[in-house]
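The structure appears right after this line, and notes come after that.
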Amino acid sequence: MKASGLVASAAALGGVMATAVTSSEAHAAGAHAASTSTEDRAFRGRMFFANDLQFDTISQAAERIFPKDENGPGAIDLAVPYFIDNQLASGYGFNSREYTMGPHFEGAATQGYQTALNNRDLFLQGIDAINLQSKATFGKNFTEITDAQKDEILKMCEAGKIPMPGVSSAYFFSRLKLTVLAGVY
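In structure tokens form, the structure reads like this:
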């Protein structure tokens, strides 16, 4: 009885030790993987934006919202445009976790999102509206104007001064800003 108890205890202790060693090796490998630079990691490619102008517009808008400076990289260096693209290709793009059935009336500011548009359509319409406003104001697409001019267009969007069907540009800008910050963090 004593001998079998010792054998069972030794077997159990051996299993625990093997698990601990394997766990520490896996932890060390994970720490090494986490320490690799951004350039070493492969990002998922574009999954939603088929149009280069739309992807470049969202990239430039994201960079103006979270620009590169002396403190660190900007949205483009952090692959935020790819994050947004992948989000719009996923359930987020279809508002899969939100109630989106009607009726759709213009609600009070405290009532939140009141439109039949899903996030995919909202972003596409917002990007197109930014480019149309840029052409009307400066005669060029958003991607071709100066940074100061991009800021002016984005401020117009934030103030709700860019016409968009079915929703205000201020609402689109707030969603864009939140999605950029989610991609950064």
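No gaps in the numbering here: position 171 of the sequence shown is 170 in numbering that gives the first Met the number 0, and each next residue is one more.
For each residue, glycine too, the CB sits at the ideal point set by N, CA and C.
Listed in chain order, the beta strand (DSSP E) runs fully inside the segment 120–175 amount to none, counting runs of at least 3 residues. Per DSSP, residue 91 is not a residue of any alpha helix (DSSP H), being assigned neither H nor E. Taken through DSSP and simplified to helix, strand or coil, residue 51 comes out as helix. A check of alpha carbon separations from residue 47 across 87, 120, 184 identifies 87 as the nearest. Contact between residue 166 and residue 61 does not hold, since the beta-carbon distance rounds to 20 Å and is not under 8 Å. Judged by DSSP in its simplified three-state form, residue 84 adopts helix.
For a cut-off of 8 Å, the C-beta gap from residue 54 to residue 84 is around 7 Å, short enough to register as a contact. With respect to the C-alpha of residue 124, the residue from 158, 168, 51, 79 having the closest C-alpha is 168.
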